[in-house]
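Protein chains in written order, with this note's numbering: chain A, 304 to 387; chain B, 463 to 865. Everything on this sheet refers to the single structure shown next.
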Ligand SMILES: Cc1cc2nc3c(=O)[nH]c(=O)nc-3n(C[C@H](O)[C@H](O)[C@H](O)COP(=O)(O)OP(=O)(O)OC[C@H]3O[C@@H](n4cnc5c(N)ncnc54)[C@H](O)[C@@H]3O)c2cc1C
Ligand code: FES
């Protein structure tokens, strides 16, 4: 069960996310910085809501943890589109 | 390219807004990253028992085609297959387009819709594991069967509706089961919680899926919790709805071959032996959330309102946000059906027209009433406490939003 994939883009498993929480991560960005969830092609569209649920249940204080901030560009773009 | 209003998202809300604005003298561009306009309308195809007898079939694809034709005919610039990857203030919209890399506009309307929540269970990334929304699009838009024998994990209004759509298309749906009780799937999928949510949604709007419960009439719903939990399943359209079984994992070496199911008690504890069922596709349904990524980069205030589906841009009853010249419409403001999205598009459009000193085909006040009407007439209701959510939002807006 712990080896279930949570972040498809970066291939991060549940056990790694739980280890990050164990290690003291108490926010979505905190987990992201430790194990790269949300840093892949979809920029967390798939994994972030799951990570948020996991954190909520692990921290257990009833508040929903904040999402990571969306960054520009919000989708993958080719360099040519940016430098034009 | 320069226009009065740029709209991101060519779903029902974006297209409706575009038509209203161009008809009243504004120039409009609509950008969508999908290959054709229509947004989530494209996958929708079901009976709407609340509509007039000659409009009972809700065919989203036809409605999308009509909206597109009308908008193009009036001169709306519609860009498809083009992503808006960044917006900067007042307003520069950056595009992934071979020739036009930027649109400059006076007003920006964000109509980016919603996204599906993933439902992680062991094996969910195997080929054959797909989201319920993808199953809907394959079935109704592309006319492709997602499998020979399909299991649906997640019992909610959307998955019930897609199940009926798949059955109508002749696909063998082997059953519907609950997601696992686990922190990764949100810990809220016990039989009691699931039936309570269904009851709330169903009780508020007697909609298509109530009818499909057939002999279980509306009056029966208050007692449904007790009953459904005593029986092991209900049958809807010949498909067993297992309210007391959850999926444990998906098995297969190269692709989905089987699922392991576990009977659970009313509060979600495993009882008895697990069982194996051979299927070649599993549809996963965990709910929808508003897509706010672009909104977030504009710096507008966001608020978390679970009753509306999660984090949304703080906005007023006329669809204005905390940033001058930035408006929102559709599912980005909360998860509701397509009829509400259309009415919200109309409302945002007349608000924008007003802000630019022009008159719309109806007043802002009338458009608000149209939206309330659409909410009541919606055949599909996703969240039980939308009205509560809207009240919360309005309070927040009065406190913090007004600029
Ligand atoms: C999987 C799923 C199934 C649904 N099924 C139903 C149903 O059966 N019945 C029902 O009434 N409602 C359904 N809904 C709700 C649905 O969201 C509304 O019916 C309605 O389509 C919302 O309209 P909208 O205009 O807000 O957004 P949408 O119809 O979602 O359209 C938004 C559009 O914005 C585009 N977009 C987003 N970001 C960008 C960007 N950065 N650049 C370019 N384009 C972008 C997307 O490609 C999309 O086409 C479903 C929603 C989902 C997600
Ligand atoms: S699934 Fe994690 S970044 Fe895409």
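Beta carbons: idealized from backbone N, C-alpha and C, even for Gly. Note that the structure is a prediction, hence the values are computed from the model and not measured.
Cross-chain neighbours of residue i in chain B, by beta carbon under 8 Å
| i | result |
| --- | --- |
| residue 339 of chain A | Chain B residues near residue 339 of chain A: none, gap ~16 Å exceeds 8 Å. |
| residue 386 of chain A | Neighbours of residue 386 of chain A on chain B: none; closest Cβ ~10 Å, over 8 Å. |
Proximity to residue i [Cα-Cα], best of the options
| i | options | result |
| --- | --- | --- |
| residue 636 of chain B | B:644, B:609 and B:837 | B:609 |
| residue 641 of chain B | B:626, B:712 and B:544 | B:712 |
| residue 476 of chain B | B:745, B:789 and B:851 | B:789 |
| residue 634 of chain B | B:743, B:560 and B:795 | B:743 |
| residue 645 of chain B | B:847, B:624, B:583 and B:698 | B:583 |
| residue 343 of chain A | A:367, A:377, A:384 and A:324 | A:377 |
| residue 498 of chain B | B:543, B:561 and B:765 | B:543 |
| residue 793 of chain B | B:770, B:723 and B:786 | B:770 |
| residue 341 of chain A | A:381, A:316, A:383 and A:385 | A:316 |
| residue 621 of chain B | B:598, B:525 and B:602 | B:598 |
| residue 838 of chain B | B:795, B:754 and B:510 | B:510 |
| residue 614 of chain B | B:784, B:745, B:772 and B:819 | B:745 |
| residue 729 of chain B | B:654, B:518 and B:469 | B:654 |
| residue 660 of chain B | B:703, B:862 and B:485 | B:703 |
| residue 741 of chain B | B:526, B:817 and B:719 | B:719 |
| residue 767 of chain B | B:760, B:752, B:758 and B:780 | B:752 |
| residue 357 of chain A | A:348, A:368 and A:338 | A:368 |
| residue 639 of chain B | B:463, B:600, B:701 and B:862 | B:701 |
| residue 592 of chain B | A:362, A:349, A:361 and A:321 | A:349 |
| residue 313 of chain A | A:345, A:364, A:361 and A:375 | A:345 |
| residue 416 of chain A | B:778, B:761 and B:856 | Within the shown structure, residues of chain A are numbered from 304 to 387, placing residue 416 of chain A beyond reach of any answer. |
| residue 836 of chain B | B:819, B:853, B:811 and B:807 | B:807 |
| residue 777 of chain B | B:862, B:612, B:488 and B:747 | B:862 |
| residue 496 of chain B | B:574, B:764 and B:602 | B:574 |
Outcome for residue i when other beta-carbon atoms lying within 10 angstroms are tallied against a minimum of 16
| i | result |
| --- | --- |
| residue 594 of chain B | buried |
| residue 651 of chain B | buried |
| residue 805 of chain B | buried |
| residue 656 of chain B | buried |
| residue 846 of chain B | buried |
| residue 589 of chain B | exposed |
| residue 717 of chain B | exposed |
| residue 675 of chain B | Unreliable placement is indicated for residue 675 of chain B, whose pLDDT of 49 sits below 50; the coordinate value is still reported in the next sentence. Residue 675 of chain B comes out buried. |
| residue 827 of chain B | exposed |
| residue 536 of chain B | exposed |
| residue 682 of chain B | Because the pLDDT at residue 682 of chain B is just 48, under 50, the model does not fix this residue reliably, and the value given afterwards should be weighed accordingly. Looking at its Cβ environment, which holds fewer than 16 other Cβ atoms inside 10 Å, residue 682 of chain B is exposed. |
| residue 617 of chain B | buried |
| residue 556 of chain B | buried |
| residue 830 of chain B | buried |
| residue 381 of chain A | exposed |
| residue 669 of chain B | Reliability of the predicted coordinates at residue 669 of chain B is poor, the pLDDT of 46 falling under 50, and the value obtained from them is presented with this limitation in mind. Looking at its Cβ environment, which holds 16 or more other Cβ atoms inside 10 Å, residue 669 of chain B is buried. |
| residue 502 of chain B | buried |
| residue 822 of chain B | buried |
| residue 738 of chain B | exposed |
| residue 813 of chain B | buried |
| residue 406 of chain B | The requested residue 406 of chain B does not occur in the structure, where chain B is confined to residues 463 to 865. |
| residue 605 of chain B | exposed |
| residue 366 of chain A | exposed |
| residue 802 of chain B | buried |
| residue 494 of chain B | buried |
Under 8 Å from the C-beta of residue i: neighbouring residues of chain A
| i | result |
| --- | --- |
| residue 773 of chain B | 370 |
| residue 646 of chain B | 307, 309, 317, 353, 356 and 357 |
| residue 579 of chain B | 352 and 353 |
| residue 583 of chain B | 307 |
| residue 587 of chain B | 308 and 311 |
Amino acids of chain B, ordered along the chain, whose beta-carbon sits closer than 9 Å to that of residue i
| i | result |
| --- | --- |
| residue 380 of chain A | 545, 547, 548, 556 and 558 |
Contacts that residue i makes with chain A (C-beta to C-beta distance below 7 Å)
| i | result |
| --- | --- |
| residue 758 of chain B | 372 and 373 |
| residue 649 of chain B | 360 |
| residue 755 of chain B | 373 and 377 |
Proximal residues of chain A, C-beta to C-beta of residue i below 9 Å
| i | result |
| --- | --- |
| residue 766 of chain B | 367, 369 and 370 |
**Study point:** Interface positions of the region 312-337 of chain A facing chain B (Cβ-Cβ less than 7 Å), listed along the chain
**Key:** 317
**Study point:** Continuous alpha helix (DSSP H) assignments of at least 4 residues falling wholly in the region 307-348 of chain A
**Key:** Correct list: 317-325 and 331-338.
Exercise for review: Taking a Cβ distance cut-off of 7 Å, strictly less, list which residues of the region 530-550 of chain B are near chain A, in chain order.
Suggested key: 545, 547 and 548
Check your understanding: For the region 554-642 of chain B, which segments carrying the beta strand (DSSP E) assignment without a break, of at least 3 residues, lie completely within its bounds, in sequence order?
Key -> Unbroken beta strand (DSSP E) stretches of 3 residues or longer found wholly inside the region 554-642 of chain B: 554-557, 564-572, 576-578, 591-593, 611-615 and 634-640, given in chain order.
Exercise for review: Return the chain-ordered ranges of every alpha helix (DSSP H) run that is complete within the region 745-788 of chain B and spans a minimum of 4 residues.
Suggested key: 755-760
Check your understanding: For the region 494-510 of chain B, which residues have a CB atom closer than 9 Å to at least one CB atom of chain A, in sequence order?
Key -> Result list: 495.
Practice item. Please list the segments of the alpha helix (DSSP H) lying wholly inside the region 803-863 of chain B, counting only runs of 4 or more residues, in order along the chain. Key: 826-839 and 848-858
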